[in-house]
Each structure stands twice: as structure tokens, then as C-alpha cells.
Amino acid sequence: MGSTSSLPLLMAMLPMLGSVAVHFVGQKNEKLRDFLVAAISGATFLISIALFLKVRETIVVFELPWFLKFGLRFNVDFISGLFSLIVSLVWFLASLFGFEYMAHEHSRTRFFTYFIFTLGATLGVFLSGDLFSLFMFFELMTFSAYVLVIHEEDNASLHAGDVYLYMSVFGGLCLLAVVFFLEHAAGTTEFIPLLEQIIASGFSPWLLLGFVIFGFGVKAGMIPLHIWLPKAHPVAPSPASALLSALMIKTGAYGFVRFLMTIFTPLSNEALWVYSEHFGYVFLWIGAITMFIGAIMGILNNSLKKILAYSSISQMGYILFSLGAGTFLGTRGAVGFAGAWMHMINHAFFKSFLFLLAGAVYLKTHELDLRKLGGLRNVMPWAFGFFLIAAAGITGVPGFNGYVSKILIHEAILEAYHLVGWESLLWLERIFVVTGGLTAAYITKLWVSIFLGKKGEKSLQVTTDISVAHRAVFGIYSAIILVIGVFAQKMVNSLVIPATKIYRFDVHDLEHLTHVPFWHGAELAGPVLSYVIGISALLIVSKVGSKLKIPEWLSVEYIAYWIWHRLEDLAIFGQKIYVHLMLLIRKIIYWGAKVAIEVPVKFREFGRRVVAFRIQIDFRRFKNLILSLRKFRKRFEVEEIKRKTMVARKYFSKDSLKLKVRLKARSAKDSLKELEQELIEKIEASRMQRIQKRKQQKELLKEKIDDSYWNTINISFDSLIVALVIAIALLVFLSVAL
Amino acid sequence: MYAMIMIFLPIIGGVFAYFVGQKSEKMRNILSISIAGITFLMALGMYVGLKDADSIVYVYPKLLPPFGLSFRLDWLSVVLATIGSFVWFLISIYSLEYMKSYTNLNRYYAFVLVTLGATIGTFLSGDLVTLFLFFELMSLSSFVLVIHEGTEKAMKAGNLYLIMTIAGGLALFFGIIAVYELAGTVAFSDVGILANGSTLSLLAYLAFLAGFGMKAGMFPLHVWLPEAHPVAPSPASALLSGVMLKVGAFGLLRVIFNVYNVDFIASIGWNKILLVISAITIIIGSVYAILQTDIKRRLAYSSVGQMGYILLGMALLSKQALIGDIFHVFAHAIMKSCLFLAAGALILQTGKRDIRELNGVGKKMPITMICFTMASLAMIGIPPFTGFLSKWLLGLGALEVGYPIYAILLLVSSLLNSVYYLPIIINAFFKKSTEDFSNVKEISRMMLIPIIVLAIGTVIFDLLPVNIPLELSTIVAEVLFGRGAGM
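Top to bottom, those sequences are chains E and B. Residue numbers for the first sequence follow this note's numbering, so the first one is 66 and each next one is one higher. Residue numbers for the second sequence follow this note's numbering, so the first one is 32 and each next one is one higher.
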């Protein structure tokens with residue numbers, strides 16, 4: 066099945082190997098390097114077009130079986146083909162944008178080297194034919210994107226980079242656990258239905274799902290695994306944050322698609338579709354929570370790129386929500402899957418567009434704080450126009466691309482409600498509608514505060530509009546957004562339906578997809594409702610916004626630190642126990658030593674008495690003998706013995722011995738007291754230090770909403786991980802021991 | 032005779048080098064490198080002998096009666112001897128430049144060669160008594176390498192090392208006596224010479240665990256390792272961590288597979304003792320490594336954790352895990368010597384050992400740091416580096432015998448590895464330096480070449496169509512599990 070072609074390998078390897086060339090060329094000639102970057106990403110784009118034309122008819126497979134013993138496998142179906150096309154297109158556009166943007170930055174060659182390398186790794190993720198190859202490219206992508214995140218090399222970006230890197234490594238290892246379990250359970254990690262084998266091997270699919278959620282959820286920015294995202298995306302240079310937000314987090318969604326739609330489905334046993342239903346329901350709620358909280362956080366922030374980052378979280382929520390709806394219905398979930406897929410495509414375009422626009426604004430103003438911007442409409446009319454198009458795209462105005470996928474998602478959740486009839490599904494639909502409104506709110510807030518109103522302090526220095534090259538890039542984006550929006554049904558027919566045909570969906574639903582009521586009155590009312598909700602939400606926030614603050618204990622970070630503090634308390638408690646135990650042991654040793662010194666003394670005393678007594682007896686005998694046998698013997702010998710006895714008695718006298726013992730005991734006691742004092746002082750000092758540190762941290766956390774707070778927090782994240790891991794390790798050993 | 036030449040060439044050569052060194056330093060250097068090189072070539076030559084038979088045994092009953100010496104060339108010993116002598120050869124080249132600032136070089140080179148001979152002798156020995164002899168010789172001669180700097184700290188660490196070595200040696204001696212009492216012979220055999228569940232047998236097993244485990248850095252006998260490895264000169268610490276730790280693991284492999292019967296061990300469940308100990312070793316080593324700020328101490332604790340992998344691999348008693356185990360012996364030898372050599376280069380050029388003071392050093396010494404990065408990524412187990420493959424095989428092996436908890440443990444340990452290796456790399460490349468590094472230059476070519484070769488070694492084998500170390504590990508595992516016995 067399928068045709069073999071080395072195009073996928075070429076596509077992944079060309080940028081990876083090309084990055085080496087970029088590195089060396091960049092040290093000689095910057096112009097040539099820029100040209101090379103454009104050439105590599107352009108060539109990759111052309112290859113991806115060729116590949117996409119192929120996969121429209123068949124599946125393209127390619128295998129390097131010797132690679133790392135398990136083989137590198139590419140398996141490109143319509144989904145992989147189309148998305149890698151989008152990836153290379155957006156990358157090409159971002160690199161065109163990047164040349165001018167990066168001109169004033171430092172370490173440009175390093176940036177472009179990793180920029181191009183990340184392209185190869187990301188493409189590899191989408192082209193991989195099994196989970197093992199996917200995992201490998203996933204890790205490469207994580208590490209090379211790290212360099213893009215920390216490009217600024219200041220405290221904020223290094224901190225964000227740490228959070229990003231450790232969370233991603235954690236996610237990667239969860240993914241590796243999945244690879245282990247699948248390889249063990251099924252002997253393969255290819256994307257084929259494996260549910261029966263998983264159940265047969267004795268592992269619970271729920272356990273596996275847990276690992277999958279942690280593995281891909283970190284990348285997908287799923288709440289509560291999202292905390293790296295609003296830190297890392299804003300600190301990266303704009304071209305990089307566009308790619309991070311628009312494409313890299315899609316690798317998480319793509320992984321979920323492969324698992325929920327293929328691996329976690331049964332091959333023949335129809336009864337097992339019940340797992341899909343449960344998993345889908347879980348994802349519906351995960352998606353709903355993610356999109357709602359992301360949108361709320363978006364409204365409450367005041368930094369241009371942070372709002373966009375939270376918006377990405379929210380939009381990923383849409384994708385997971387729709388995917389959940391599709392999975393929930395099993396074979397009837399064609400519309401849900403179509404919504405998720407269409408939104409993945411749309412979000413890739415409008416989010417990278419928005420980030421690049423943010424970059425264009427930043428290039429002129431060098432400011433991201435919305436309160437210091439404003440009134441740019443007259444100076445930057447082009448930017449304003451493009452921004453409106455992107456905004457219309459993301460909020461789902463009819464005729465722009467976001468509308469298409471939002472209608473599909475709405476259809477999907479309503480269909481789920483009609484087919485199953487659970488009350489909770491209706492609530493999910495309401496959350497979806499309200500979130501649509503909130504999206505309109507934060508996007509409106511963005512363009513209103515950048516382009517309308519009074520000129521902010523930083524807008525005054527702006528004199529020129531965006532350059533021609535940037536206009537061209539943005540023009541392509543606008544065209545794509547409009548084409549998808551206007552020719553909605555045609556796009557669904559050509560982009561979505563071939564993708565749904567990969568899976569075993571009900572024919573009836575596929576037919577339904579061919580005539581979605583895009584221009585129906587009720588559907589057209591949706592965006593109006595969104596904007597009504599959005600504007601009113603915005604008005605409310607602007608009125609009470611300064612008073613309205615989310616309680617700090619709601620933030621994930623706060624909870625994490627809270628747990629960390631409790632662990633610290635536990636550690637202090639343990640330390641206290643340890644010290645008291647040590648003191649007790651020392652006391653025991655001290656008493657033991659005392660006894661050990663005193664007992665021989667007592668014995669010696671006793672022995673001395675006995676000896677003295679015996680000497681007396683002997684002496685008497687001796688005397689008698691002498692007296693009886695040798696009366697003439699000299700008297701002084703007797704006196705001599707007497708004197709010796711006296712000396713011995715004096716030496717062994719009770720008092721002098723006691724004094725010795727007492728002196729020894731006193732010095733021991735003193736040193737013990739000193740030691741005790743010293744230890745107590747040490748504990749006290751470290752406790753005070755901790756209290757001080759905690760106070761500082763609390764104060765810092767209170768400034769959470771303030772944009773600059775991540776500049777100041779420097780709790781080391783790795784120590785948190787260490788504590789958690791120790792806890793896990795303890796659990797592991799307890800379970801082994803029991 | 033081949034084995035004898037291979038063992039005694041470095042030992043006699045070492046003595047010879049000591050006297051040559053008093054005349055001419057250049058001659059001594061050439062001599063030491065060429066002997067290490069010849070040993071490596073001879074190790075390669077041994078594969079010719081293994082074309083037909085899985086094991087060749089030489090017995091010299093007249094040497095050292097009543098037991099006599101005997102040597103055994105089988106796949107396990109040959110593979111380990113190859114790895115060991117290869118790393119030794121590279122480190123000898125590195126030493127030439129690195130050791131220039133030290134005194135007592137004649138003593139150093141002499142004992143490096145003697146230790147090489149003793150290590151090869153341990154690998155090639157055919158019975159427990161011969162193994163014991165060379166094992167002790169290796170321990171004693173490496174003591175001189177540990178205390179080379181002669182500082183108070185080094186002497187203290189050396190004393191600890193010596194005391195623990197002697198205690199371990201006594202435990203081994205007890206084990207050997209017990210085995211002789213029970214089995215009447217001490218020669219290794221393919222199916223083991225002992226399948227006896229008596230108390231004495233168990234005591235002997237525990238004595239072997241203590242004796243070889245001490246050398247392998249097994250918890251709780253690892254305490255000498257983080258003291259002794261950092262105080263030795265960097266090439267010597269690379270030898271200690273890269274090769275000599277493996278001797279302990281090798282001894283345990285011999286005990287489990289060639290002294291006891293492996294099926295017997297599996298049925299009576301004694302491997303579970305080692306299993307739990309290895310799990311604790313992995314966690315303890317990694318957690319303590321995170322707490323270290325001295326770069327070489329961190330590497331030393333990392334060795335403890337990695338030796339835990341190797342102990343785990345043999346304790347699982349699954350063929351898959353054993354392949355991973357042997358492969359990890361190879362991978363760890365390459366990675367850890369690369370790390371120690373690179374760390375030595377950093378210390379030599381900057382004079383700093385504290386990780387917090389090494390910020391920004393990557394911009395000054397890019398090649399060294401890139402090699403360090405490659406080896407660290409291999410340590411963490413990022414594909415396509417070698418560390419990943421051994422972790423993968425060990426994990427699958429753990430699942431195969433029904434211990435998924437150990438597969439998870441490996442992943443937790445990888446996370447911990449990333450927590451202590453990544454900050455070094457990040458600080459070196461991306462943080463601004465707090466110290467004055469304006470005079471710091473890249474090290475000379477003679478030192479760079481061994482580091483680069485080792486760094487390439489962490490990745491090249493996985494990218495080639497035929498993964499030679501993996502193939503060899505597979506053969507070793509098959510032979511140990513009894514290829515002839517119809518497994």
C-alpha cells in the first residue's frame with residue numbers, strides 16, 4: 066500500500082543539514098546567509114508541494130530500517146502532507162519577515178541556524194510514520210527551539226527557557242513511556258488501531274492515556290500544563306514566537322489526533338468504542354476549560370504578545386474541544402474531527418499573522434505594553450488594515466477563515482448533544498459560545514489600544530509604516546485568510562473531507578460535511594452574538610478591570626509553589642527530627658561513656674578494698690612468720706611494706722578518682738551543650754532565611770498580573786522538579802517494598 | 032600465550048617506562064602511547080580467535096600453584112577489553128598534554144600502564160582466583176593514580192578508597208573460598224558451576240555483590256567514588272569512571288552467569304536483591320549529582336547513577352535488558368570519559384571547578400563545550416545518541432519481565448539527568464560570564480582530538496547502517512544466556 070518515495074526524508078533533512086551551512090556561511094557573509102535561509106525554506110516549501118500533490122492520491126512511505134536499530138519510518142497521508150505544506154509555507158513567510166526584524170538583534174547567525182533546524186524537526190514530527198520517529202523529531206524540536214526562546218539571553222528569557230525546557234523534557238519522557246508501553250504491548254508504534262492489543266497486554270488504556278496527555282499536553286499548552294507558554298512565547302523574537310505559537314504547539318494537537326483517532330480505536334471489536342466515548346468526554350472538558358481560562362487570562366493581560374500567547378492556549382482549547390467531540394461520537398464524529406482539523410489549519414495562519422504583526426509594531430515602537438501604545442492608526446494604516454483582517458479571522462467574522470472552523474465546531478457539539486442528549490453537552494456548548502465572545506473581547510482590546518485612541522508615549526516616535534517586504538508577506542496572509550473564509554464550502558471539500566476519509570467515519574456524516582450551512586441565517590448570527598458578548602465583557606472589564614483581580618491562589622504557579630513550600634516545611638520538620646535524633650544519640654553515647662568510665666572506677670574501688678584487705682591479711686601472716694621464725698629480722702622491711710601500702714591507698718583514694726570522673730564528665734557536658742546550641746542556632750537561622758525568602762516570593766507572586774513579574778521571580782524551577790521526583794521515587798520504592 | 036602477552040606487555044612496559052622516563056621524557060611518552068595502542072590492536076586481534084569458538088581457555092597450572100593461572104577469551108571479555116583499551120589509548124594521548132603541569136610523571140605513566148595490564152587481566156581471567164589477583168593489582172595501582180596530586184584532600188580520599196578496596200577484596204576472598212568449598216573448582220564455565228541454595232552459597236553471593244559492587248559504585252558502597260574520582264587528575268578520573276567501574280560490573284556478570292547458574296539465580300530470586308539496590312543506586316546517584324556544584328563531583332555522582340543502570344540491566348535477567356546492559360557499558364565508557372576529559376580541559380584552561388563560575392565558557396571554548404554537550408545529551412538519553420538506545424533496551428527488558436516500575440524509574444532518572452546536565456550547558460553557552468575569561472583559549476589539538484573522537488563515538492554508531500557495538504552486545508547477551516543451550 067502506498068508509494069515509496071524519499072521526499073519525506075529529504076524534506077526533514079534538507080533544513081537540518083542546511084542549518085549547518087547557514088552556520089558557516091553566516092560567519093562570513095550575512096547577505097548570503099539570509100539568501101540561503103530563504104532558499105532552504107523556499108525549497109522545502111516546494112518539496113512539500115510536490116509531496117502534497119502525491120499524497121492526494123496515495124500514501125507515501127519511506128523507511129530507513131537500520132536507523133537506531135528500530136528504524137526511521139515516514140508515513141505521509143493526507144493529514145501529514147497538508148500540515149507539512151502549511152508548516153513550510155508559514156516558515157517561509159516568517160523567515161521572509163525575519164530578515165528585516167532580526168537586523169537589529171544580536172547573534173543573528175545562531176538564530177537563523179536554529180530557526181532552520183527547527184523547521185526540519187517540526188516537519189519530521191508531522192511526517193513520521195510511527196511514534197518512535199515522532200518522538201525523536203519531537204525531542205530535536207524541543208531542544209533547538211530552546212535556543213530560539215532564550216535568544217535575548219536576559220533573565221526573563223532564561224527563566225522562561227528553563228521552565229519551557231524542563232517541562233518539555235518531562236513531556237518528552239512521558240511520551241517515551243508511551244513508546245515503551247506500545248512497543249511492549251503491540252510490538253509496533255505505528256499509527257494503526259491498537260486498542261485490542263493494549264487491553265490484551267494488561268495495561269490500562271487509561272494509564273496510557275494519562276501518559277499521552279502529559280506527553281503531548283505540555284506542547285499543546287493544555288491547562289494546567291500551559292505555564293511555560295505565556296512565559297516562553299512572548300520573550301522569543303517575533304518570527305520565532307509566531308512559529309512557536311502557530312506551528313509548534315500544533316505538534317501536541319497532531320499527536321492527540323493520531324492517538325484518539327487511530328491508536329486508541331479498536332480494529333474489529335465494536336464494543337471497545339466505549340473507550341473512545343469516555344476519552345472524548347474527557348477531552349471535551351479539557352478543551353472547554355483550556356479555551357475558557359485562556360481567554361479570561363487574555364482579557365486580563367496588558368502585554369501585546371502575552372495576550373496572543375494566552376490566545377494560543379485558548380485556541381488550542383478549541384481544537385482539543387472539537388477533537389473531543391469527534392472522539393466522543395466514535396464513528397459518527399466526522400464533524401468534530403473536521404472542526405478540529407480546520408481549526409488547526411486556520412489557527413496556524415491567523416496566529417502567526419498576529420504574532421508577525423505584533424513584531425512589526427514592536428519593530429517601530431520597541432514596546433509591547435498596551436498602555437504605552439495607541440493612536441497608531443494614522444501613522445501605520447497598512448498595519449492597521451492587516452490587523453483588522455487577522456482579527457476578523459480569529460474572531461470568526463463571516464468571510465474570514467476562523468468562521469469556517471467555528472461553525473464546524475459548533476455543529477459538532479450540537480450534533481453530540483442531539484445524538485446523546487446529555488445535559489452537560491449543552492453546557493459545553495454554552496461555554497464555547499461565551500469563549501467566542503471573550504475572544505472577540507481580547508482581540509478588540511488589542512487593536513483598539515494599539516491603533517485607536519490617544520497616542521501613547523511610545524507611539525510618538527513612530528514616523529513610518531511597515532516596509533514593502535512586510536506588506537507583501539502580510540498580503541499573502543490576508544489572501545489566504547480571505548480565500549478560506551469566502552470559499553468556505555470548497556475549502557471543506559478539498560482540505561477537510563480527504564482528511565476525514567482516512568478514518569472510518571459514517572458515510573452519512575461525510576455527506577453532511579459537503580453542505581455545511583455556512584451562509585444560513587442562524588449561523589451568521591453567531592459572530593454577532595460573539596461580538597455582543599465580547600464588547601460587553603470588554604466594557605465590564607474596562608470599568609471594573611482595575612478592581613477585578615483573579616485571586617492569586619488560582620494560578621497554577623501559585624499552587625505549584627504552595628506545594629513546594631509544604632514540601633519545604635516537611636523537609637524542615639524532617640531536619641528537626643533528624644537533629645533531635647542526633648542529639649538523643651549523642652546523649653545516649655554520653656551516658657554510655659559516663660557509665661563506661663564510672664563502672665570500672667567502682668570496680669577498681671571495690672578491688673582496691675579487697676586488695677587492701679588481703680594485703681593486711683598477708684601482712685599479718687607475714688608478720689607472724691617473721692616474728693615466729695626470724696624475730697631478729699630487720700624491722701624496717703615491715704615498715705617498708707607498710708609505707709608502700711599507704712602510698713597505694715593514697716593513690717587509689719576514693720576522692721581523687723571521683724574528681725577525675727567529674728572533670729571528664731563536665732567537659733563532655735559542656736561540649737554537648739555547645740553543640741546543641743550551635744545546631745539550634747543553625748536551624749533557627751535557616752528557618753529565618755526560609756521565612757524571609759518565602760515572604761519575598763509571596764510579594765512577587767502578588768504582582769502576578771503585572772507584566773514584569775517574571776523578571777523578578779527566581780525560584781529555581783529545577784529544585785521543584787527534584788522535590789517532586791524524590792516524592793515519586795519514594796512512592797515507587799514503597800510500592801516495590803510492599 | 033596471546034592473553035599473557037596482552038596482559039604482561041603493559042605491566043612490564045610500565046616498569047620499563049619508569050626507568051626510560053628518567054633518561055628521556057619523549058621516549059617514555061612514545062612508549063606509553065605505543066603500548067596502549069598495541070594493546071588495543073591486540074584486543075581487536077582477539078576477534079579472529081572467536082570466529083570458530085565462543086570461548087577459548089588457556090590454563091597455566093604451573094604458574095602460582097595450587098590454583099594456577101587461567102585465561103578465558105569469550106565474547107564478554109573480548110568486548111570489554113576492546114572498549115577498555117580503546118578508551119585507554121585515547122586517554123593516554125590526552126594525558127601527554129594535560130599532565131605537563133604535573134610532577135612525578137614517571138610514576139604516573141608507569142602506573143597507568145600497570146593499571147591497564149591489570150584491567151585487561153581482570154577481563155581475560157578464566158577463574159575466580161586469577162580474577163581476584165588482577166582485580167587487587169588494579170585496585171592498588173589505581174590508588175597511586177587517585178593520590179597523584181598528593182594534596183591532603185587527595186590523600187584522604189585515597190585512604191578511603193584503599194580501605195574500601197581492601198574490605199571489598201576480603202569479601203571477594205571469602206566468596207571465592209565459599210565457592211571452592213561448595214563447587215570444588217573456581218574456573219568459570221558457560222553454564223555456571225554452582226546451583227546450590229544453601230546459606231553458604233547465599234553468603235558467597237552477597238560477598239561477591241559487596242566486593243564487586245564496591246568497585247562498581249553500588250549503593251551503599253559508593254561512598255569512595257565521589258571522593259576519589261574528583262581528586263584524581265582528569266585523565267585518571269576518566270579512566271576510573273570510564274573503564275575501572277566497569278570491572279566491578281564485569282565481575283558481577285561473571286558471578287551471575289558463569290559462577291552461578293543463571294536459571295538457578297532466576298528461580299531462587301536472588302537477583303531481586305541487586306534489582307532493588309540498583310534502583311536505589313540510580314536515584315541516589317542522580318539526586319546527589321544535582322546537589323553538587325563541583326563539576327567533577329557532579330560527574331562522579333552521575334557515574335554512580337549510570338552504574339545503577341548497568342546493575343539494573345544484569346539484575347533483570349532478561350536478554351533484551353542484558354543487550355542494553357552491555358551496550359550501556361560501552362556507551363557509558365565513551366560518554367563519561369568524554370565528559371571527564373572535557374571537564375578536565377575546562378578546569379585546565381579556566382582554573383575553575385565550580386559550575387556557577389563556568390558561565391559563558393562555551394563562547395571561549397566552543398569545540399570542547401560542543402563535545403561536552405553531545406556527551407551530556409547522550410547521558411540524558413536523547414535520540415539519536417547512544418545513551419538512548421541502552422535506556423530503550425533496558426526499559427523494554429524491564430517490561431518484558433513484568434517490572435514496568437523500573438521502566439518508569441529509568442525515565443525519572445533521565446529527567447534527573449537533564450536537571451543536572453542541562454544547566455551546565457545552558458550556563459556555558461547562554462549566560463554572561465561572571466569571571467574574567469579574556470585569556471581563556473581553546474585547548475591544543477592533541478587534547479582536542481581524543482575528546483572529539485569520543486564525542487563522535489556517542490552518536491556515530493547509531494547513524495550507521497550496522498551498529499557494531501549493538502551487534503556485539505547482542506552476541507554477548509546470547510552467549511551469556513547460553514546460545515548453545517537452545518535458548
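Virtual Cβ for every residue (Gly too), placed ideally from N, Cα, C.
Check                                                                                                            : Outcome
Through-space distance from M81(E) to A346(B), alpha-carbon basis                                                : 40 Å
Delimiting residues of the beta strand (DSSP E) encompassing R554(B)                                             : Lying outside 32 to 518, the shown extent of chain B, residue 554(B) is not represented and no answer is given.
From E258(B), Y33(B), A141(B), residue whose alpha carbon lies closest to that of I521(B)                        : Any question about residue 521(B) goes unanswered here, given that chain B covers just 32 to 518.
Separation of S309(B) from V561(E), as counted between CA atoms                                                  : 52 Å
Coarse secondary structure for V126(E), derived from DSSP in three states                                        : strand
Cβ-based burial, V125(E) [other Cβ within 10 Å; buried from 16]                                                  : buried
Within 8 Å, strictly: CB atoms of L17(E) and L369(E)                                                             : Because chain E spans 66 through 803 in this model, residue 17(E) falls outside it and cannot be assessed.
Sub-8 Å separation of I151(B) and S116(B) beta-carbons                                                           : yes
Cβ neighbour criterion (16 or more within 10 Å) applied to G393(B)                                               : buried
Status (buried if at least 16 other CB within 10 Å, exposed otherwise) for E248(E)                               : buried
Distance CB(Q369(B))-CB(A406(B)) smaller than 8 Å                                                                : According to the sequence as given, residue 369(B) is Cys; it is not Gln. The answer is yes: Cβ separation under 8 Å.
Outcome for S209(E) when other beta-carbon atoms lying within 10 angstroms are tallied against a minimum of 16   : buried
Other residues of its chain near G424(E): CB distance less than 6 Å, five sequence neighbours each side excluded : Y166, S303
Pairwise C-alpha distance: F281(B) and Y452(B)                                                                   : 27 Å
Y89(B), DSSP secondary structure in three states                                                                 : strand
Residues that R384(B) bridges to, as DSSP identifies them                                                        : DSSP lists no partner for R384(B).
Contact set for F782(E): own chain, Cβ-Cβ below 7 Å, skip 5 residues either direction                            : Any reading at F782(E) must be qualified, since the residue scores a pLDDT of 49, below 50, and its modelled position is unreliable; the value itself is stated next. Excluding residues within five positions, the ones whose Cβ falls inside 7 Å are D227, V228, Y231.
Proximity winner among N366(E), I410(E), L272(E), T396(E), relative to Y383(E) (alpha-carbon distances)          : I410(E)
Beta-carbon separation (whole angstroms), S156(B) vs F102(B), contact threshold 8 Å                              : 6 Å
Distance between G316(B) and Q337(B) (C-alpha atoms, nearest Å)                                                  : 8 Å
N94(E), enclosing alpha helix (DSSP H) - first and last residue                                                  : Taken as a continuous stretch (DSSP letters only), N94(E) belongs to no alpha helix (DSSP H), as it is neither H nor E.
Beta-carbon gap between Y340(E) and P258(E) smaller than 8 Å                                                     : no
Neighbour flag for I637(E) against chain B, beta carbons, 8 Å                                                    : no
R755(E) versus K641(E): straight-line alpha-carbon distance, rounded                                             : 14 Å
Partner residues on chain B for E248(E), Cβ-Cβ distance less than 7 Å                                            : L427
Own chain, CB closer than 7 Å to P463(E), minus 5 neighbours either side, in chain order                         : L589, P592
Length-filtered (3 minimum) beta strand (DSSP E) runs lying within the region 184-271 of chain E                 : none
Cross-chain neighbours of K462(B) in chain E, by beta carbon under 8 Å                                           : E218, L223
Distance between beta carbons of A456(E) and G599(E), contact taken as under 8 Å                                 : Incorrect: roughly 11 Å between the Cβ atoms, too far for contact.
L342(B) versus Q380(E) - alpha carbon distance                                                                   : 47 Å
Three-way DSSP call (helix, strand, coil) for V141(E) in this model                                              : strand
Per-residue DSSP class, three states only, for Y437(B)                                                           : helix
Straight-line Cα distance separating F497(E) from H475(E)                                                        : 8 Å
Cβ contact (3+ pairs, closer than 8 Å) linking the region 285-293 of chain E and the region 324-332 of chain E   : no
Best match in E258(B), M195(B), P261(B) for proximity to L252(B) [C-alpha to C-alpha]                            : M195(B)
Neighbour-count burial assignment, D634(E), 16 or more Cβ in a 10 Å radius                                       : exposed
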